[in-house]
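Going by full-length UniProt numbering, the residue at position 42 of the sequence shown is 42; the numbering climbs one at a time, nothing skipped. C-beta atoms are modelled at their ideal positions from N, C-alpha and C, and glycine is treated no differently.
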Amino acid sequence: MPVEIAREIRPAVQKYGGAFMTSPELAEVEREVGLGQRALYFRGRSAVLGDPSPSVVAELFGTFPRWVVDVVLPPATEVLGSDAAVSAYTEALYRWSKAHLRESALGELLPRLVAAADASGLALFAGWKQVSWPADPVARIGHGLMLLREYRGGVHFAALRAVGLTVPEAVVADPEGGRARLLRTAWSPEAADELIARARRRPDLEARRRRAESLTDERMGELLEVLSAAERDALVRSLADLSREE
């Protein structure tokens, strides 16, 4: 069933669609364009929407405390215009892709999935969907993985709001998240503990998160229906091969 496949491929989409965001390749491009550490992630990822304010970017990204975006984004915006920021961000993505990926069926399957994905209400995905695909076949796979991750992320954020959770509350409830992830994304120990205590007062916190995950998998499953059963099998195999090739 497509929904089961959506659930199965989620870890690979999350991992390989976002691995470049904290990679040496991104740090290298940051230095080349004169940005500080981690600034290209915030500036480049959001620049498909032009020059959004720190408050807007903090809400779009969801997981970071507002103060981080306030500190990092304005100086980066002064250094790089939106078109240059998108180019730098994708350059980092393509360098990472060429270092870690190889040609596979993903090069044909991912563009079809992205083309079929409805971008309405999904701001970041809508912006990135308008960016031209690279010509290099391996870079195209990295581009497609990033786009599919942005699509799933946007759908998941919508599902969280539909079940009455904020994104930080979902991080608290996520077995792969919790306090450790909050601290990794620049929450102070005090702010993280306050958020956790507030979220844990909700007796149905975990149930709501699970419902949001199910809704997300259902929507992803619907998207996968644009592929034939054989193509879905090829998608699963090709994504599984990524971990075996590390």
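Residue burial classification, residue i (beta-carbon count within 10 angstroms, cutoff 16)
| i | result |
| --- | --- |
| residue 244 | exposed |
| residue 22 | exposed |
| residue 34 | exposed |
| residue 146 | buried |
| residue 198 | exposed |
| residue 97 | buried |
| residue 224 | buried |
| residue 44 | buried |
| residue 36 | exposed |
| residue 107 | buried |
| residue 189 | exposed |
| residue 142 | buried |
| residue 176 | exposed |
| residue 80 | buried |
| residue 54 | buried |
| residue 184 | exposed |
| residue 116 | exposed |
| residue 164 | exposed |
First and last residue of the uninterrupted alpha helix (DSSP H) at residue i
| i | result |
| --- | --- |
| residue 223 | 205-224 |
| residue 148 | 137-162 |
| residue 42 | 39-46 |
| residue 199 | 189-200 |
| residue 81 | From DSSP, residue 81 is part of no alpha helix (DSSP H); its letter is neither H nor E. |
Three-state secondary structure (DSSP) of residue i
| i | result |
| --- | --- |
| residue 101 | coil |
| residue 228 | coil |
| residue 34 | coil |
| residue 62 | coil |
| residue 175 | coil |
| residue 128 | helix |
| residue 92 | helix |
| residue 165 | coil |
| residue 274 | The shown model of the chain, from 1 to 246, leaves out residue 274, and the question about it has no answer. |
| residue 53 | coil |
| residue 185 | coil |
| residue 113 | helix |
| residue 70 | helix |
| residue 122 | coil |
| residue 134 | coil |
Any non-hydrogen atom of the ligand GDP closer than 6 Å to residue i Cβ
| i | result |
| --- | --- |
| residue 52 | The ligand content of the structure shown is nil, which means the ligand GDP is not present either. |
- Message: Any contact between the stretch 122-141 and the stretch 85-105? By contact I mean 3 or more CB pairs, one from each, below 8 Å.
- Response: The stretch 122-141 makes contact with the stretch 85-105, as at least three CB pairs between them are under 8 Å.
- Message: Quick check: the stretch 198-208 against the stretch 145-154, are at least 3 beta-carbon pairs closer than 8 Å?
- Response: By the criterion of at least three beta-carbon pairs nearer than 8 Å, the stretch 145-154 is not in contact with the stretch 198-208.
- Task: Decide if the stretch 213-220 is in contact with the stretch 1-11; the criterion is three or more beta carbon pairs, one per stretch, under 8 Å apart.
- Result: As far as the Cβ criterion goes, the stretch 213-220 touches the stretch 1-11, which means the pair count is three or higher.
- Contact between the stretch 14-33 and the stretch 61-74 (3+ Cβ pairs under 8 Å): The answer is no - the stretch 61-74 does not touch the stretch 14-33, with fewer than three Cβ pairs under 8 Å.
- Message: Check whether the stretch 227-237 and the stretch 109-118 touch, using three or more Cβ-Cβ pairs below 8 Å as the test.
- Response: Using a C-beta cut-off of 8 Å, the stretch 227-237 makes contact with the stretch 109-118, since at least three inter-stretch Cβ pairs fall below that distance.
- Message: Counting beta carbon pairs with one atom in the stretch 9-18 and one in the stretch 45-52, are three or more of them shorter than 8 Å?
- Response: Taking a cut-off of 8 Å on C-beta distances, the stretch 45-52 does not touch the stretch 9-18, as fewer than three cross pairs fall below it.
- Flag this pair as touching only if the stretch 153-172 and the stretch 115-125 have three or more C-beta atom pairs under 8 Å; answer yes or no. Because the criterion of three Cβ pairs below 8 Å is met, the stretch 153-172 and the stretch 115-125 touch.
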